[in-house]
Each structure stands twice: as structure tokens, then as C-alpha cells.
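> Take a look at the following structure, please.
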Amino acid sequence: MTERSAEPVAPEPVQPAAGAALAADPALADVDLGLSYDSGVELKARSQWAYARMRFFRHRLAVGSLIVLILICLVAVFAPQLAPYGFDELDLDNITASPTLEGWHLFGTDQLGRDYLSRVIFGVRTSLWVAVFVALLSTAIGTAIGAIAGYYGGQVDNLLMRFTDLILTLPGLAVLLTAAVFFGANDSEVFGIMIPQPMKIGLILAFLFWTAVARIVRGLFLSLREKEFVEAAKAAGAGDMRIIVRHMLPNCVGPIVVNTTLVVAAAILVEAALSFLGFGIQPPNAALGKLIADGQGEGFNLWWLVTFPGLVIVVIALCINFVGDGLRDALDPTQRRTRT
Amino acid sequence: MAQPILEIRDLTVEFDTEDGVVRAVTGVSYDLAPGEVLGIVGESGSGKSVSMLSVLGLIPKPPGRIPSGHATFEGEDLLTMSSSRLRDLRGGRIAMIFQDPMTSLNPVLTIGDQISEAILVHNSGTSDDDARKRTVELLELVGVPFAERRVDQYPHEFSGGMRQRAMIAMAIANDPAVLIADEPTTALDVTIQAQIVEVLKAAQRETHAAIVLITHDLGLVAELADRVVVMYAGRVVELADVFTIFNEPRHPYTIGLMNSLARLDADLDRLEPIPGQPPSLITPPPGCAFHPRCAISQGRAICRTEVPPLKAVGVQEAPHDSACHFADELANLGAARAGTAS
Amino acid sequence: MLQYVIRRLLYSAVVLVLASFLVFMFVTVSGDPLAALKITPNVSEETVQNIIERKHLDEPVPVRYYEWVKDALTNKFGTTLLTDEPILPDLWRVMKNTLQLVLVAELLAILIAVGIGVYSALRQYSVFDYSMTTFSFLGLATPVFWLALMLQVAVVQIYLATGRNVFPIANLNSVDPGEGLSFVIDRAHHLVLPVIVLMVANIATYSRYMRASMLEVVNSDYVRTARAKGLAESRVTMKHAFRNALIPLVTLVALNFGTLLGGVVVTETVFSLDGMGLYFVNALGTNDPYPVMAWLMITATMIIIFNLVADITYGLLDPRVRYD
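Protein sequences appear in the order of chains A, B and C.
Position 189 of the first sequence, counting from 1, maps to 189 under the working numbering, and the rest follow consecutively.
Here the working numbering runs 1000 ahead of the position in the second sequence, where the first position is 1.
Here the working numbering runs 2000 ahead of the position in the third sequence, where the first position is 1.
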């Protein structure tokens, strides 16, 4: 297979050679400066980021999703102020209420009269927090491993990639469950630092999620290290660290950001499944998956207890995926489609 | 000129893109005489390939579209005929050779499969054995060594030059009347390019096909072409026989192309690139699309306001057309002198 | 080729041994599996002591690992910790059940997804393409367990409204499934909802994948060459485009299948299906390391085998791939 050359992110600015040729002839220079229409010769030199932003904002679904996500995040952050009830607060006048405007029980209540809207808001708070933590941590691990493997190549690459393959060979969910049962069930103290239980679940998830980004970054680095600008930096005496961080990583930002976004969505879904099975985030911490499991326990005639927390998960994951799709179009032009 | 085998008249091709409608080809007309080699020259994006691909129904529709034009092949209009009739012609009477032999062959089928497929689809009733024999003959004809054995190999087992030979073998499998070669040597090494040129010549001797040679390589044109069409921004800007084009170009773009060519016979200190970039085809410059880069326009108003028509220039017996308002100013101006004037 | 397979298998064996030791350490060190038993009333000191001796729980971890390996190799993965029941017969049973479920769901999902993917690619940006894109985005954003629950909720609501029980929402069979054909029908009836749940996520993934690879192929130079040869559109699509586009999907499916044989934990839990996934979750719940280890070994072996299968099929379908 032939390598497909990557499309340039932004049209190249007018070639200096051409400019010089124009400037060499005073008469022509005058004429050319007088032209003001968009002839294609005078492309505005926009930065790569301006183009990315432009492309992202043209993606209406992604922009809409981003707005919804920001709203959800705000609600999660200000949960204690915004939620109509506390997480475990009982409204004994309204037990097993189906969704109603009365008393703001929009998502209904359970047999103890706990308001499910409030419980969902607190659940979103934990779930989002864990998912973002997983995404950032796994991106950091994966980028570091991928960058080292790709930059040094050879034996280092071989060793690190074998390790990555090993992780990929593991049955993911099973390892998560095992780890969660034998290691993640309680808060714990490591070297005097308190690690809350949800964070431990996050750590376990991150341990499985870094492989994808490691492979992406390794692939990019393998091709980048052959590029002239890297050789130029080496020739100029830049150290390995500096070349990796200053010269090569910035060229991988697009795919990394896209992948990080998608990891947030994946982490939310996996954490929800873990918590649903009872191996994830444990009470008294709120979690969407656990709420659904509780709802299931109260019987299917109280359908709202199962329906709404799940619906919220779907909305969040859907929005993140749309944003990720928009980011891919904006930042990863090799995968751009021709028409939206 | 003899009765043309292919007549293209007023062809316009557009593509819908995210940024607007790209008019890749605008009002293009030219003829192809039987047995001649017609070079179509231009920068990438000048519409030289699209003009040929579109008349053969090989551009994706949508986003592509042909709002106007005719393409008459042996008396039939390619643009209005049924798709099954057009399919009969493609690979039969009209065959194509593409630019990149690396990607133009299906990686999971053997070379032999792909060539004999071309034979079988146009000659129903041919047995697989006969098709295979013919395939081996064709491969020998285009100079693939050990053809009997290599016929069963996959494209990745062929070198770039060998693949292009296989592409040519596939194209001449059904004795085409027209052979369209789209940048046939661009993707190859220089030494291989020379070999492929020889193979093309041999292919023409064998089939007597008329060849449309689409390229930006003026050396290739000088070597092979009888007549030349120069395209810029989707329009034909100059049309003449190959000697006239090289000796008496009458369009500033053609002159620019000549000056950017490395030559052994002229004493030039350095090559002169054409300044600027090819124009946007969505919002092309008003008037003559070349005027922002033109050395002789000198800011004259007509260049910015009126599209110059393609009209006959010169006094020679051989037809010579140019689409420049000031083509007469370029009369008797050698390419080298025009070069030093800019 | 044979050499390649042997080398891969040897390498995998090493990985498996290494992984098994790590997992064993992990599982045995992190908790006392007898903690619950010790505080249970009516359990004598003697019983506990018996278990400790039988399973060498008082020995250091390497010895216990050695004992486990010996059991695994010579005694079919040995017995459970507390009840001393043999592990392998149970594992075979649940594996058979999981295989049934997964095979049916995967085959249906692949057929449907390939159809959707190819048609979407050929009619890019059509109403069909947009609807299927929307469907797959939804499918990928929906938690599997929640989809399963919603189907159950729907069945229960239908029952409450009409008194009709359209589909069973739990178990692999009725209490009295009958024999022969009626058993098969009863089983099929029970598998409808689980199969739907499994299919949704897989169709969403596979159809996206198929669409992308088909789009790449139909816009490739060699498909243009096939058209330029004068082939009929159907032949261009089937012989030149479809076959090439299928290659990456085949690999993905083979890889995925190994993982699926480990059971579909969530689906089996929600529908109480006696499969590999539920077996594993139950074993975890009792803190018993032996069935957990047995399960992990079998599943990991499956994954390794299907990784190899994926590699080999890729090589068979794509002549460019060479083993070295």
C-alpha cells in the first residue's frame, strides 16, 4: 500500500520565490498590490487553529452538543446549589411518584421518596469527574509511552509495544471487574494520601484506556521522526526531550485531543456498567450506573427509576461523541469528509 | 485535418464542495484526429484530466456534474448515450492509462486476472484459456520479462515501471481507437519514464490508436505529441501543433511554462517560475483568469473585465488559437525573449 | 507460515504463563477468601482448617501458584475453594450457552451491518445513510445494560397493559422446556431479547467500520481502473470494491469474537443467562480465586487464538501480507 500524503492543514502561504519575483519588477508589484478581489493568489494566511475553529463551528451538531455538554457540566459542578433535593433526602409525602412537576420531581421518586432528578444530578457529577480523570490520565500515560516508543524505535519500541499488546490481549471488562473487586472497593491511603474510592475506579479504568492513544502517538512519531524539521532540530543540537515536547508533540495534538474526547464517552459507559454490576463506584458516592441498578431493584412498574438515569447517560455520551466527531473534522483533516 | 474521431464541444464540468461550486472545466472544445497524439498540458487543477474523465463518465456524480457540452465519438455523443453503451466503449474502443500504477491496480487480484478481465468483459465467448494466452502476449508486447510466470503475480510483486507496463497492456487489450494516458510517467523514476515512453510508442504502433496525452511534462509532450492543447483554470488558452507551440507560443501562460522548463539549448542563468499560485476555481479572477500572474497584462483594464475568447492567431497554414487579448503583441516573440522581458 | 504460527503460539504461551502468575498474585494477595466463612456461625474451626490444608492456603504464594498450575494441568483446573466442586464441567456448560448466544448474535449483526455499511457507502449522504449514521451514534452512546433493562421495562409495561407476555425477560429456558423441537423453540424464544441487545452495539460498530472502508475503496484508483475497463457497476462493486472493503472487517470480527467468548458479562447478568460472563461475576462475588483463574485462562486463550485467526485470515485475504 502506498502512503497517502496528508492534506496540508492550511493552504500554504504565497511562496516566497513568487513574491520575490513580483517584487523584482516595480511595475508589476504596483499592479499586483492594486488588486483587492479574492483571486486565490491573495489567500489570507490564517493560522492552523483559526482554520480548525472555523471547521468546528461549521459543524452544527458538534456545536449544539458542546453547548448541551457545557450546560450539563455546569449543573454537575453546582449540583449542591441547583439540585432541588439532597442526594439522600427523603420526601415522604411523595413516594413512588411518577415524573411530575409537583415538588419538582421531574424524574419521579423511589419507594423512600428520594427525588431521582437530584440523585441523577449528583450521579452525573461523580460520573463526569471520573470520566474526565480517566481521559486525562490515560492520555498522559499513553502519550508518554507512545512518544518514547515512536521516538526511540528499535528495542524500546518493541518492548513497549509488546507490553501494549499484552494489555490489549486481556479481556478488558473482566480485568476491570477483578481489579475493582480485589483492589477498588474502598477508599484507601497510600503514603498518607487519601485516595477516594471513585478515583481508584478511575485509576483502574485509565490502566486499560491508555493503549489506544499510545498506538496513535507511536504511529505519528514513527513518521514524524523522519521529517526534515526533526532532523533540523537534532542538527541544531536540541536534546531528545526538547525535540519530543517542542517539535513533535505539537504535531500530534489533533489526534490526541480527538481520542481524549472519545475516551471520556467510553469511560462514562464503562464506569456505568461497572457501577451497575455493583463493582464500580460504591455508596455513599453517587453514580449513574448504581442508580439504575437501584431502580431495577424496585421493580419495572416504577419504570422512571431505570429510564431517566440511563437517558442522561445516553445524552452525555452522544454529545461527547458528536463533539469528538466535530473535533476530528476540525483537527484531523486527513479524515475530513468532503461535504457536511 | 481528417474527420476527428473524438470531438469535444463547449464542455463544462462542475463539482459541489463544502466551500461552493468548483467549475473545473469551462467551455472547453477540442478535436482528436485518428492516430494522432494530442498533448493536453497544464498545471494540476487546470482541468486537463477532468475534461477527459468526465466524458467517459469516470467522475463521481454527485458531487460532479456536466451542465453543458458534447463529446462526439465516432458520431455518437458520449454524454447522452446510455450507460451500458458507454461501458461498452470504455476499455474497448476507448481505453485509459492512469497516473499512479501503485494504486491503480487492485492489490488483491493477480495482474493476469485484471488484464484478462478487460479482455473477457469485451469479448463474450472468449474462453479463460484464450484470455490468459492473450494476456501473456500483451505482457510480452509491453516488455514484461518472464510474462508466462509473472502473469500470476500480484501487483505488489511488480515494480512501479512493470506495473505501468501492465496498465498499458490492459489498456491496449481490446485494440482501442483512442488511448487516454493521464500523466502516465509522473509517478515514475526518470529512467523508468523513458522506458514507458518507448512502450507507449510501441503500443501506438501496434494499435494505431489516437492518444490523448495528459501531462504537465513538456518534455514528454515534445517527444510524443503531434498537437498540443494548453489549459489554464479550466479553459483552453492555446491550441496548436507541437512545433508552433514550442517555437511561437502566443499565450503568456504558455510562454511562462516554457520559461520554467530546464533546457539545454538556451543559455539561461536560472529558471523563471510563473509567479503566484493557480487561481481559485470557486471564485476565479474576473476577466482573464491568468491576469494576476501575467507578465504582459500590465494592469490593462480589459484583462480584468473580459474573458478573452479562443481565436485564430498567426498566419501559418496550421491552425493556431490563443485566448489572450494581446496575442498579437506576442507575435514573433520567441520564448526566450519573452522570458527575458519579464 | 507454519513457522509463524508456531512462533506466535510459543510467544503466547509465555505471555499466558506470565499473565497467570501476575493474576494469581493479584487475586490471592489482595484479600482473605475465607474471611466471610470464618465469621459465619455454625462453621467449625475444623472445616476452615480443612480448606486451608486442601488448598495450601498457609503456604507462600509461589508454592500456592505451583499447586494451582499442577491442578490446572493435571486435574482440569481443580475444584472450588469452599464446596470442593470440580470447576471444568461448570465452565463447559456455561461456555456452550455463551457460544450459542454469541454465535447467533454475531452472525446476524455481521450480515445486517455489512448490508448497512455497503449501502450507506454507495448512497453516501442519502436519507438512508443519515438515518443509519444516527442509529449507530445512538447505538454507541447507549449503555448495553440500560438497553437490556429498557427492553425488559417495555415487556413488563406491555404485560401490565394487555396481560400478554411477549418475550421472557430472564433465563435460558422455561422451567419445563420440553424436549427436541419444543426445547429449541423455547430456547430461541428466551434468546430473542439478549440477541437484540448484543446486536445493537455490534451493528453500530461494524456498520460504521464497513461504511468507512467501503467509502475508501470505492474512491480508490483501482476501482476507477475497473470502471475504465468497462465493467458493469455491479461487478465493480462486488469483485473490486466489496472484497477489498471486507478485509478490515473480517479482522475486527475475528478479534472481537475471542473477547465475546469470554461471555457478555452485562447482558448475561441482566437476563440471568447461565453463561461465561455470569459465571465469572458470581465467582468474583464469592471471592473464590480458583474459578476466577480458570475463567481468565480459558478466556485469555480464546483471545490469543482468535488474534492468531485474525492475523491468518488477513494474510489469506490480502496477498500483500507476508509472515516473517
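Glycine is no exception: its CB is placed at the ideal position from the N, C-alpha and C atoms.
1. For C/S2272, which residues in chain B fall below 7 Å Cβ to Cβ?
2. Pick out whichever of C/T2269, C/E2179, C/V2264 and C/D2129 has its Cα sitting closest to the Cα of C/R2208.
3. Taking only runs that begin and end inside the stretch 276-335 of chain A, name each unbroken beta strand (DSSP E) of 3 or more residues, in chain order.
4. For A/G202, name the three-state secondary structure that DSSP assigns.
5. Just the C-alpha distance for B/R1165 and B/V1121, rounded to the nearest angstrom, thanks.
6. Would you grab the beta carbon distance between A/G175 and A/A267 for me? Rounded to a whole angstrom, and I think it's under 8 Å.
7. In the DSSP assignment, find the unbroken beta strand (DSSP E) run with B/H1216 in it and report its ends.
8. Pop quiz: A/D88 and A/R114 are said to be a contact at Cβ under 8 Å. What is the actual Cβ separation, rounded to whole angstroms?
9. What in chain C is Cβ-close to B/H1122, meaning under 9 Å?
10. Give a yes or no on whether the minimum CB-CB distance between B/T1167 and chain C is below 9 Å.
11. How long is the line joining the alpha carbons of B/L1411 and B/D1019, rounded to whole angstroms?
12. Please report the straight-line C-alpha distance between B/T1185 and C/T2225, rounded to a whole angstrom.
13. Measure how close the beta-carbons of B/R1090 and C/A2228 come, nearest whole angstrom, since I'm counting them as under 8 Å.
14. Compute the beta-carbon to beta-carbon distance between C/S2020 and C/I2304, rounded to the nearest angstrom, for a pair I have assumed lies under 8 Å.
15. Would C/L2122 and C/A2201 be called neighbours here (beta carbons separated by less than 9 Å)?
16. What separation, rounded to the nearest whole angstrom, lies between the Cα atoms of B/G1039 and A/A214?
17. Is it true that the CB of A/I148 sits closer than 9 Å to the CB of A/L160?
18. Shortest alpha-carbon distance to A/T139 belongs to which of A/G86, A/L205, A/N186 and A/P99?
19. Measure how close the beta-carbons of C/L2278 and C/T2269 come, nearest whole angstrom, since I'm counting them as under 8 Å.
20. Assign C/D2176 to one of two classes, buried (16 or more other C-beta atoms within 10 Å of its C-beta) or exposed (fewer than that).
21. At a Cβ cut of 9 Å, what residues of the stretch 297-329 of chain A count as close to chain C, listed as they run along the chain?
22. Just reading off the beta strand (DSSP E) that C/L2147 is part of, what are its end residues?
23. Short of 7 Å Cβ to Cβ, which residues in the stretch 187-221 of chain A face chain C?
24. Within the 9 Å Cβ cut-off, does B/G1161 reach chain C?
25. So C/T2237 contacts chain B; which residues on that side make the cut at Cβ distance below 7 Å?
26. At what residues does the beta strand (DSSP E) containing C/P2194 begin and finish?
27. According to DSSP, simplified to helix, strand and coil, what is C/K2076?
28. Which residues in chain B sit within 7 Å of C/H2240, going by Cβ to Cβ distance?
29. May I have the straight-line CA-CA distance separating A/A20 from B/G1276, to the nearest angstrom?
30. Against chain B, which members of the stretch 2092-2118 of chain C pass a CB distance test of less than 9 Å?
31. If the cut is a Cβ gap below 8 Å, which residues of chain A does C/T2269 touch?
32. Compute every distance between the C-beta of C/V2197 and the non-hydrogen atoms of the ligand COA, then say whether any falls below 8 Å.
33. Please return the same chain residues whose Cβ sits closer than 6 Å to the Cβ of A/R339, not counting the five positions on each side in sequence.
34. Quick one: what's got a C-beta closer than 7 Å to C/V2023's C-beta in the same chain, skipping five residues either side?
35. Quick one: does A/V181 have its CB under 9 Å from some CB of chain C?
36. Hey, A/A50 and A/G254: beta-carbon distance below 9 Å or not?
To lay it out plainly:
1. In chain order: nothing, as chain B lies at least about 46 Å away.
2. C/D2129
3. none
4. helix
5. 21 Å
6. Residue identity check: residue 175 of chain A is Val in the sequence provided, not Gly. In fact, because the Cβ distance is near 15 Å, the residues do not count as touching under 8 Å.
7. Here B/H1216 belongs to no beta strand (DSSP E), and DSSP marks it neither H nor E.
8. 7 Å
9. K2229 and G2230
10. Reading the sequence as shown, one finds Met at residue 1167 of chain B and not Thr. Closer than 9 Å to some Cβ of chain C, the Cβ of B/M1167 qualifies, so yes.
11. Examination of residue 1411 of chain B is not possible in this model, given that chain B is present from 1001 through 1342 alone.
12. 17 Å
13. 6 Å
14. In fact, because the Cβ distance is near 12 Å, the residues do not count as touching under 8 Å.
15. no
16. 50 Å
17. yes
18. A/L205
19. 6 Å
20. exposed
21. G299, F300, N301, W303, V306, T307, P309, G310, L311, I313, V314, V315, I316, A317, L318, C319, I320, N321, F322 and D325
22. Unbroken run through C/L2147 is the alpha helix (DSSP H), V2144 to T2162; no beta strand (DSSP E).
23. none
24. no
25. Correct list: empty, because the minimum Cβ distance to chain B is about 13 Å.
26. Taken as a continuous stretch (DSSP letters only), C/P2194 belongs to no beta strand (DSSP E), being part of the alpha helix (DSSP H) at G2180 to V2218.
27. coil
28. N1106
29. Legend: pLDDT at A/A20 = 33, less than 50; position of this residue unreliable, value from coordinates given subsequently. Roughly 10 Å separates the two Cα atoms.
30. none
31. L277
32. Here there are no bound small molecules, and the ligand COA is not part of this structure.
33. The predicted model places A/R339 with a pLDDT of 34, which falls under 50 and marks its position as unreliable, so this point remains unresolved.
34. M2293 and L2296
35. yes
36. no
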